[in-house]
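Sequence lines, in order, name chains F and D.
For the working numbering, add 3 to where a residue sits in the first sequence, where the first one is 1.
For the working numbering, add 70 to where a residue sits in the second sequence, where the first one is 1.
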Amino acid sequence: MNRQIIKLFAFIVVLFGILIGFTSYWSVFDAKNLKAQEVNRRPLFEQQQIPRGRILAADGTVIAKSVPEGHGSALRYVRHYPQGALFGHPIGYSYMKYGQTEFEQFHNGELTGEESEFGSILDQLTGKKQEGEQIVTNLDPKAQEVALHDLEAAGYGAVVAIEPSTGKVLVMASNAPYNPNKVPEKIEHWNQAGVEAPLVNRATFERYPPGSTFKVVTAAAGLESGTITPETTINSPGMIIDEGHELANDYNQDWGPISLDTALTNSVNTYFGQLGQKVGQDALFETMEKFGFNATPPIDLPESSVLESGVYDSETGKMLTKHDPVDLARVAIGQERLLATPLQIAMVAAAVANKGKLMKPQIWNRVINADGSVTKRLSPTVYSEPITAKTAEELTTAMEGVVREGTGTNASIEGVPVAGKTGTAETPYSKACGGGTEQNQGWFMGFAPANEPKVAIAATVECTTQFGNDVAAPIFRDVAETILAGE
Amino acid sequence: MKSGARNRELLALIPVAALLTAGFAGVFAQDHAKLGNASLVYGAYFFAICLATHIYLRIRLPNADPYLFPLAALLTAIGLVMVYRIDQHLARDQANWFVIGLILFALTIQFLRDYEVLERYRYLIAVGGLLLLLAPRLPGIGQQVNEAYLGVKIGPIAFQPAEFSKLAIIIFLASYLRENREVLVVGARRVLGVTLPPLKHFGPILVVWGASMFMLVFIRDLGSSLMFFAAFLALLYVATGRFSFVVIGMVMFVLGAWFFATTVPHVHERIEIWLHPFNDPLESGYQILGSIFSQADGGLFGKGFGHALITVPGSPSQTLLPAAQTDMIYALIVNELGLFGGTGLVLVYLLVTARGFKIALLASDGFSKLLATGLTAVFAIQAFVIIGGVTRVIPLTGVTLPFVSYGGSSIVANFVLIALLLLVSDRARREAVEPGGREALALGAS
Numbered sequence: 004m005n006r007q008i009i010k011l012f013a014f015i016v017v018l019f020g021i022l023i024g025f026t027s028y029w030s031v032f033d034a035k036n037l038k039a040q041e042v043n044r045r046p047l048f049e050q051q052q053i054p055r056g057r058i059l060a061a062d063g064t065v066i067a068k069s070v071p072e073g074h075g076s077a078l079r080y081v082r083h084y085p086q087g088a089l090f091g092h093p094i095g096y097s098y099m100k101y102g103q104t105e106f107e108q109f110h111n112g113e114l115t116g117e118e119s120e121f122g123s124i125l126d127q128l129t130g131k132k133q134e135g136e137q138i139v140t141n142l143d144p145k146a147q148e149v150a151l152h153d154l155e156a157a158g159y160g161a162v163v164a165i166e167p168s169t170g171k172v173l174v175m176a177s178n179a180p181y182n183p184n185k186v187p188e189k190i191e192h193w194n195q196a197g198v199e200a201p202l203v204n205r206a207t208f209e210r211y212p213p214g215s216t217f218k219v220v221t222a223a224a225g226l227e228s229g230t231i232t233p234e235t236t237i238n239s240p241g242m243i244i245d246e247g248h249e250l251a252n253d254y255n256q257d258w259g260p261i262s263l264d265t266a267l268t269n270s271v272n273t274y275f276g277q278l279g280q281k282v283g284q285d286a287l288f289e290t291m292e293k294f295g296f297n298a299t300p301p302i303d304l305p306e307s308s309v310l311e312s313g314v315y316d317s318e319t320g321k322m323l324t325k326h327d328p329v330d331l332a333r334v335a336i337g338q339e340r341l342l343a344t345p346l347q348i349a350m351v352a353a354a355v356a357n358k359g360k361l362m363k364p365q366i367w368n369r370v371i372n373a374d375g376s377v378t379k380r381l382s383p384t385v386y387s388e389p390i391t392a393k394t395a396e397e398l399t400t401a402m403e404g405v406v407r408e409g410t411g412t413n414a415s416i417e418g419v420p421v422a423g424k425t426g427t428a429e430t431p432y433s434k435a436c437g438g439g440t441e442q443n444q445g446w447f448m449g450f451a452p453a454n455e456p457k458v459a460i461a462a463t464v465e466c467t468t469q470f471g472n473d474v475a476a477p478i479f480r481d482v483a484e485t486i487l488a489g490e
Numbered sequence: 071m072k073s074g075a076r077n078r079e080l081l082a083l084i085p086v087a088a089l090l091t092a093g094f095a096g097v098f099a100q101d102h103a104k105l106g107n108a109s110l111v112y113g114a115y116f117f118a119i120c121l122a123t124h125i126y127l128r129i130r131l132p133n134a135d136p137y138l139f140p141l142a143a144l145l146t147a148i149g150l151v152m153v154y155r156i157d158q159h160l161a162r163d164q165a166n167w168f169v170i171g172l173i174l175f176a177l178t179i180q181f182l183r184d185y186e187v188l189e190r191y192r193y194l195i196a197v198g199g200l201l202l203l204l205a206p207r208l209p210g211i212g213q214q215v216n217e218a219y220l221g222v223k224i225g226p227i228a229f230q231p232a233e234f235s236k237l238a239i240i241i242f243l244a245s246y247l248r249e250n251r252e253v254l255v256v257g258a259r260r261v262l263g264v265t266l267p268p269l270k271h272f273g274p275i276l277v278v279w280g281a282s283m284f285m286l287v288f289i290r291d292l293g294s295s296l297m298f299f300a301a302f303l304a305l306l307y308v309a310t311g312r313f314s315f316v317v318i319g320m321v322m323f324v325l326g327a328w329f330f331a332t333t334v335p336h337v338h339e340r341i342e343i344w345l346h347p348f349n350d351p352l353e354s355g356y357q358i359l360g361s362i363f364s365q366a367d368g369g370l371f372g373k374g375f376g377h378a379l380i381t382v383p384g385s386p387s388q389t390l391l392p393a394a395q396t397d398m399i400y401a402l403i404v405n406e407l408g409l410f411g412g413t414g415l416v417l418v419y420l421l422v423t424a425r426g427f428k429i430a431l432l433a434s435d436g437f438s439k440l441l442a443t444g445l446t447a448v449f450a451i452q453a454f455v456i457i458g459g460v461t462r463v464i465p466l467t468g469v470t471l472p473f474v475s476y477g478g479s480s481i482v483a484n485f486v487l488i489a490l491l492l493l494v495s496d497r498a499r500r501e502a503v504e505p506g507g508r509e510a511l512a513l514g515a516s
């Protein structure tokens, strides 16, 4: 019987080998996948036991911190946001039950202190406890406060301010705001359908018709493609017929033959409509895409809180490309089905301000580990170069005219040259605005100082009866002044 | 030789006691943030109890295998530390069961020194074993756990009869096969290239098969059913040397299990959960998913003692690993000690198995050989069935992890199992050193 006993033992060795094989599969080889399973709440609970890193504003103001509750195995850290609603956007929130959103979600890895596989094995051997890293952002609390305060006075909308030379996001404000400390009590209420939608970051996750602010993109395409020079004149009557429909100037004003400066300063629709047609769809769309349209915005926010900008076909839910049929003249003046996020418009302003180089907009600045040393630091990167420095200079000149003597005079700051562009997109019957006929999307985008730009800003207010110059330009001015004063 | 074996046993017990002390100290430090002397006291008690058992073995079974008892003590120590880490009160129960288990261990050695006596009562033992299996279905004393009828409760005493009936059934099978193994082989015929045992001896095989199918359907204990039948096939193979019998048995079991899996809802559900746990992740699939998620959490080295999450932090009533102290203790061990810890534990079971089979190899008479083989096989298969269930190799069942899972029946029954193995071992090794020993013993018995 001994031979059989030895064979039986061999069989049991095989069985136990299978056990070790399966254990290895679950604990090591498939572990990453299992941890990512939605029904696996364990990683969430464990994150709660790790002191999550703080989030700081550029000046050291604490935006988010973790406060311990309970002790022993019941110990957990709860997120607290000392600034209340001020940074609800773009920081988002982090709760075990509701997960993370926005910045908290995008930077979850650093905030929970997840290191590379090798590092964590070493840490396990040395018994080091995981600890979150803190992140210093580029956000400017004073300017953020001004932006949010102005927005609350003007209406729902958003403000984005970027440092053109680096892409640092200095302000990202969205009205209606929400207080992330109140998420557990109020999230269900906030998620109910309604106009307010405070959890929506309107700066990145709402698309509006950009209106005349888009004329800067059209002008850029015209200059870049050589279709026009600043001196080229285009006869701009009170109205033109485009695809069988009237495309008119304000008050049907006939401007005659005018050059770019005059056209932009006075936001002449018939000039830009014809320019768009001359430039052609290919060149216009290529310029748009270089400015960031038709792509996920390159910002450090999760995909769930950013939207692409572009010509949006609401029936198919797709962005149209240069091959799709569009009403080009109306796209060129920022209408048709063209939609843009405030972030996208700020990126256009920032690219012009930075001599044609579009820097990747980033909210974070540096990551600091538990020992206090900087482990990662933002190195500004060029996203694209949509226009040459020469084109940028020509556009800047035209945009200065807008603020000095054109449609955007309310944006002017004493002693500082400002370049900008207004926008007033008509949004009649808009469901979001309650269906009125006199509804506009008011815009202002620009940068200051025009000769040596320190900040590029887009400000927009939805469902307003006023013009961009009345409702958005003052917000631009206040935010720009605050940022320049802090320099 | 005599004192050599026992000295090795004593030496092996010291690291076990040290491990237990370190484990308790680890859990204690984790929980209380400061180390008290309690863990040292527990370690000292544990060592004292093991030492007493060791001295008893030195007197009664001086030649017995020196590693089996330390290995059992090691498994118990691992179990005690893990259970202590889950709940101190449960650990106290478990420690009491450890002492009671050792008392039964000593009593077995005391009164079954001539264990051939078991052969005489084999049918009585078999009937007793089957009655034990039936007990959980009896009204008044039967208890249903997770839909399976696993427990019996008489007054204040609750136990799992399957743990004890496995001993009875192995004793019966060892004795029955010792007597009939030649007949089974000699009378075998080849039909269509398959060797079949003679029809009249096929009966008992059918009985065992029927019993395991009965367990599957009426006791609803897939785990024990699998364990008994696999142990039976292992014994049948060792006794007859006919692999074809094993194949026939496996085919019969698979056909039966498949039939019931498609017709009996609760068996079907078990299989479904095993194959598709993500179909119902919050209800029926919750436990097995909890198991693999906690293993994933453990990784290569584990979270460390006391660091794994068993319940939702802050709300102790919401469990993340249901039945952590019993069915799922292996998952918890992988969670806290990692793949290395889990592998280590499996290797300890493999060492027990190796020692058990070594005893069977050394044993000279058929009954001793088959008894040692059967006891070892059922022990190894039990460990495989529950670890396999926890790691999704096979459907999850409610079998205990020998010596490690919380539960008195398991500890007590398995210490009796080890005692029987040591009895066989003592005689086998004594005969090996004293060439005349066998005849002397035979004379003495007659």
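The beta carbon of each residue, even a glycine, is placed where N, CA and C say it ideally should be.
For residue j and residue i, the rounded distance between their alpha carbons
i      : j      : result
D153/F : I478/F : 6 Å
R497/D : A433/D : 8 Å
G478/D : Q230/D : 9 Å
A401/F : T427/F : 18 Å
R78/D  : F175/D : 20 Å
N36/F  : I138/F : 27 Å
A512/D : E189/D : The predicted position of A512/D is uncertain, since its pLDDT is 41 and thus under 50; no value can be drawn from it.
A13/F  : L200/D : 30 Å
N133/D : Y191/D : 27 Å
A176/F : Q395/D : 51 Å
N321/F : V460/D : The sequence shown places Lys at residue 321/F, rather than the Asn named in the question. When rounded, the distance between both Cα atoms is 47 Å.
Cross-chain neighbours of residue i in chain D, by beta carbon under 8 Å
i      : result
I504/F : Lying before the first or after the last residue shown, residue 504/F is absent from chain F, which here runs from 4 to 490.
Q51/F  : P383
Contact check, residue i vs residue j, beta carbons under 8 Å
i      : j      : result
K325/F : F288/F : yes
F56/D  : L127/D : As shown, chain D starts at 71 and ends at 516. That puts residue 56/D outside it, with no answer to give.
A349/F : I460/F : yes
G91/F  : P240/F : no
T412/F : V419/F : no
T26/F  : Q365/D : yes
A489/D : I179/D : yes
F375/D : G96/D  : yes
V172/F : I366/F : yes
R79/F  : Q108/F : no
F447/F : T425/F : yes
G368/D : V404/D : yes
T399/F : A414/F : no
P456/F : P180/F : no
Listed by chain order, chain D residues near residue i by CB distance under 7 Å
i     : result
G73/F : G384
Proximity winner among the options, relative to residue i (alpha-carbon distances)
i      : options                          : result
N269/F : Q256/F, Q338/F and K281/F        : Q256/F
G414/D : I8/F, N372/F and F19/F           : F19/F
G93/D  : M152/D, L145/D and P472/D        : M152/D
T169/F : P364/F, A67/F and L142/F         : P364/F
N178/F : R205/F, N194/F and K189/F        : R205/F
A219/F : I390/F, Q86/F, T440/F and P456/F : Per the sequence shown, residue 219/F should be read as Val rather than Ala. It is I390/F.
Under 8 Å by beta carbon: chain F residues contacting residue i
i      : result
A424/D : F12
Neighbouring residues, chain F, relative to residue i (Cβ below 7 Å)
i      : result
R462/D : F25
Output the residue ranges of the beta strand (DSSP E) runs that lie fully inside the segment 373 to 444 of chain D and measure 3 residues or longer, sorted by chain position.
Entirely contained in the segment 373 to 444 of chain D, the beta strand (DSSP E) runs reaching 3 residues are, in chain order, 385 to 389.
Those runs of the beta strand (DSSP E) which lie wholly inside the segment 134 to 161 of chain F and span at least 3 residues
137 to 140
I'd like the ranges of any beta strand (DSSP E) spanning at least 3 consecutive residues and lying wholly in the segment 377 to 420 of chain F.
The DSSP assignment places complete beta strand (DSSP E) segments of no fewer than 3 residues inside the segment 377 to 420 of chain F at 377 to 380 and 385 to 387, in order along the chain.
Mind pulling the beta strand (DSSP E) runs of 3 or more residues that sit fully within the segment 56 to 126 of chain F?
65 to 72 and 79 to 83
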